[in-house]
Structure formats: C-alpha cells, structure tokens
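Undergrad:
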Amino acid sequence: DAGVIQSPRHEVTEMGQEVTLRCKPISGHNSLFWYRQTMMRGLELLIYFNNNVPIDDSGMPEDRFSAKMPNASFSTLKIQPSEPRDSAVYFCASSLKGDEQFFGPGTRLTVL
Amino acid sequence: AQSVTQLGSHVSVSEGALVLLRCNYSSSVPPYLFWYVQYPNQGLQLLLKYTSAATLVKGINGFEAEFKKSETSFHLTKPSAHMSDAAEYFCAVHGGTGGFKTIFGAGTRLFVKA
Numbered sequence: 845d846a847g848v849i850q851s852p853r854h855e856v857t858e859m860g861q862e863v864t865l866r867c868k869p870i871s872g873h874n875s876l877f878w879y880r881q882t883m884m885r886g887l888e889l890l891i892y893f894n895n896n897v898p899i900d901d902s903g904m905p906e907d908r909f910s911a912k913m914p915n916a917s918f919s920t921l922k923i924q925p926s927e928p929r930d931s932a933v934y935f936c937a938s939s940l941k942g943d944e945q946f947f948g949p950g951t952r953l954t955v956l
Numbered sequence: 031a032q033s034v035t036q037l038g039s040h041v042s043v044s045e046g047a048l049v050l051l052r053c054n055y056s057s058s059v060p061p062y063l064f065w066y067v068q069y070p071n072q073g074l075q076l077l078l079k080y081t082s083a084a085t086l087v088k089g090i091n092g093f094e095a096e097f098k099k100s101e102t103s104f105h106l107t108k109p110s111a112h113m114s115d116a117a118e119y120f121c122a123v124h125g126g127t128g129g130f131k132t133i134f135g136a137g138t139r140l141f142v143k144a
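Chains A and B are the protein sequences, given in the same order. Going from the first sequence to our numbering is simple: count from 1 and add 844. Going from the second sequence to our numbering is simple: count from 1 and add 30.
1. May I ask you to list, following chain order, the residues of the region 109-124 of chain B that have a beta carbon less than 9 Å from some beta carbon of chain A?
2. Considering F918 of chain A, what are the terminal residues of the beta strand (DSSP E) in which it resides?
3. Quick one: what does DSSP say N896 of chain A is sitting in, helix, strand or coil?
4. Run the CB neighbour count on T882 of chain A, radius 10 Å, all protein chains shown included, and call it buried at 16 or more, exposed below.
5. What residues from chain A crowd round Q75 of chain B, counting only those whose CB sits closer than 9 Å?
6. Using a C-beta cutoff of 8 Å, does Q36 of chain B count as contacting chain A?
7. Name, in chain order, the residues that DSSP records as bridge partners for A95 of chain B.
8. Do you know offhand how far F893 of chain A's Cα is from G89 of chain B's?
9. Taking just the CA atoms, how far does A83 of chain B sit from F130 of chain B?
10. With distances taken between CB atoms, is the gap from A122 of chain B to V49 of chain B smaller than 8 Å?
11. Counting C-beta neighbours from all protein chains within 10 Å, is the total for A846 of chain A 16 or more, i.e. buried, or is it exposed?
12. Helix, strand or coil for S902 of chain A, going by three-state DSSP, please let me know.
13. Applying the criterion that 16 or more other CB atoms from any shown protein chain within 10 Å of the CB defines a buried residue, is R880 of chain A buried or exposed?
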C-alpha cells in the first residue's frame with residue numbers, strides 16, 4: 845500500500861493567493877482528517893470526514909479555509925486568500941475505524 | 031473535556047540510557063491510548079496502542095507503554111536509547127468521554143546524546 849499521499853510536498857505562495865492542498869487516503873479507510881502543525885500551536889485538528897461527510901469542522905480557523913471530500917479517494921483543503929500566518933505544515937491522515945490514524949508526509953506551506 | 035498532558039516538552043538522555051516519556055489523560059471512561067513518533071520532515075507514525083487488552087503494550091523499535099488506570103497514565107519507555115530514537119513523540123487518546131475525537135498531546139522532543 846502506498847500510504848496516505850499528499851501533494852504538493854512544498855508550496856510557496858504570496859499573500860492573497862489561493863492555495864489548494866490535496867490528499868489521497870489509504871484505500872478502504874472511511875475517515876479522513878486534516879491537521880495543521882506549527883511551532884507555536886503544535887498539532888491542530890482542522891476538520892474530520894467520515895464516509896466523505898464532514899463531521900466536525902470546528903477547528904477550521906475561519907472562512908478563508910474550506911475542505912471537500914468529493915469521493916472516498918480524494919480530499920482537498922483550500923485557503924483563499926492565503927495570509928502569512930497560514931504558514932505551517934498541513935497533514936492529512938486516514939483511518940479505518942476512526943481511532944488509529946495513518947498520516948501522510950505533509951505539505952509545507954510558506955505564505956510570503 | 032477530555033485532555034492529554036505530556037510532562038516535559040524536551041527530554042534529553044544519553045545513548046544507552048533509559049527513556050521515559052510521560053503521558054497523563056483525563057477521562058472517567060478508559061479510552062484507547064496511542065503513542066506516535068514524528069521524525070524530522072515526516073508525518074506521525076504509530077509506535078503502539080492500548081485498546082483495553084493487556085495493560086503493558088509493546089511497540090516498534092523496542093518501545094513499550096503501560097496503561098495504569100488508577101494513575102490515568104500511559105508512560106512510554108525504552109530500556110536503552112539509540113541515536114536513531116531522537117524525534118518528537120506524541121501521546122493521543124481516543125474515545126472515552128471524548129467521543130469520536132482523537133486528542134493529541136503537545137508532544138515531547140527526545141534528544142539523545144552520544
């Protein structure tokens with residue numbers, strides 16, 4: 845199994861631009877999580893999907909952030925417009941039963 | 031609300047010494063408990079998990095953790111540290127009074143001195 849796949853691995857953009865992060869979960873997993881990791885705030889859960897449906901998005905910082913899961917094998921996290929404070933490593937994770945999670949390698953986002 | 035506390039944001043040990051990373055959780059109902067490890071520039075990966083079977087859980091790379099309900103603890107240990115153990119370690123709790131959510135601790139960075 846290829847594990848959780850994230851793209852791009854690195855993204856550098858300018859303030860105000862739209863950023864789209866992509867995730868392919870492990871085949872057969874029905875839960876998907878988006879996290880953000882920074883030195884200041886540690887690991888934060890942004891949103892959790894179960895069977896492609898958003899269950900808890902209370903961690904999404906503000907309306908500039910949106911996430912979709914159009915099917916069981918693909919999810920996106922979009923930031924529009926991006927701001928320098930959005931700079932972080934964004935992780936996607938998937939799970940079969942919602943407990944043990946398998947993390948992707950992350951996308952390092954830098955907003956200038 | 032359910033919470034996870036990792037004592038010490040940084041722990042430094044000498045190569046060959048005992049590794050002890052502390053984790054306490056708050057839940058009146060025993061949850062599932064996990065330890066994850068994160069190496070530089072990588073995602074988190076599972077070290078071990080407790081799911082209400084044996085209280086002493088063995089994981090990868092020689093690590094083990096013991097679930098102690100009376101102390102609401104799930105400390106991670108390894109008898110002899112290796113340089114390759116240098117990483118950040120996260121304790122996590124799932125279920126219990128927290129429902130479907132997995133709550134991660136703040137992490138402990140382990141340094142191993144030669």
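Positions of the beta carbon are idealized from the N, C-alpha and C atoms, including for glycine. On a predicted model such as this, the values are computed, not experimentally measured, just so you know.
TA: Quick look at the numbers:
1. The region 109-124 of chain B vs chain A, Cβ under 9 Å: F120, A122 and H124.
2. As a working mapping, residue 918 of chain A is identified with position 74 in the first sequence. It spans F918 to I923 - the beta strand (DSSP E) in which F918 of chain A sits, taken as one unbroken run.
3. The sequence position of residue 896 of chain A within the first sequence is 52, counting from 1. It is coil, neither helix nor strand.
4. For the purposes of this step, residue 882 of chain A is identified with residue 38 of the first sequence, where counting begins at 1. Exposed, by the Cβ-count rule.
5. Here residue 75 of chain B refers to the residue found at position 45 when the second sequence is read from its first residue. Under the 9 Å cutoff, chain A gives F946 and F947.
6. As a working note, residue 36 of chain B is residue 6 in the second sequence. Not an interface residue.
7. Position 65 of the second sequence, counting from 1, holds the residue named residue 95 of chain B. Answer by DSSP bridge pairing, in chain order: B:V87 and B:L106.
8. For the purposes of this step, residue 893 of chain A is taken as the residue at position 49 of the first sequence. For the purposes of this step, residue 89 of chain B is taken as the residue at position 59 of the second sequence. The alpha-carbon separation between F893 of chain A and G89 of chain B amounts to approximately 28 Å.
9. For the purposes of this step, residue 130 of chain B is identified with residue 100 of the second sequence, where counting begins at 1. For the purposes of this step, residue 83 of chain B is identified with residue 53 of the second sequence, where counting begins at 1. As the crow flies, the alpha-carbon of F130 of chain B is around 20 Å from that of A83 of chain B.
10. By one-based count along the second sequence, residue 122 of chain B stands at place 92. By one-based count along the second sequence, residue 49 of chain B stands at place 19. At a Cβ-Cβ threshold of 8 Å, A122 of chain B and V49 of chain B do not count as neighbours.
11. Position 2 of the first sequence, counting from 1, holds the residue named residue 846 of chain A. It is exposed - the Cβ of A846 of chain A has fewer than 16 other Cβ atoms within 10 Å.
12. For the purposes of this step, residue 902 of chain A is identified with residue 58 of the first sequence, where counting begins at 1. Secondary structure of S902 of chain A (DSSP, three-state): coil.
13. If you number the first sequence from 1, residue 880 of chain A lands on position 36. Around the beta carbon of R880 of chain A, 16 or more other beta carbons sit within 10 angstroms, so the residue counts as buried.
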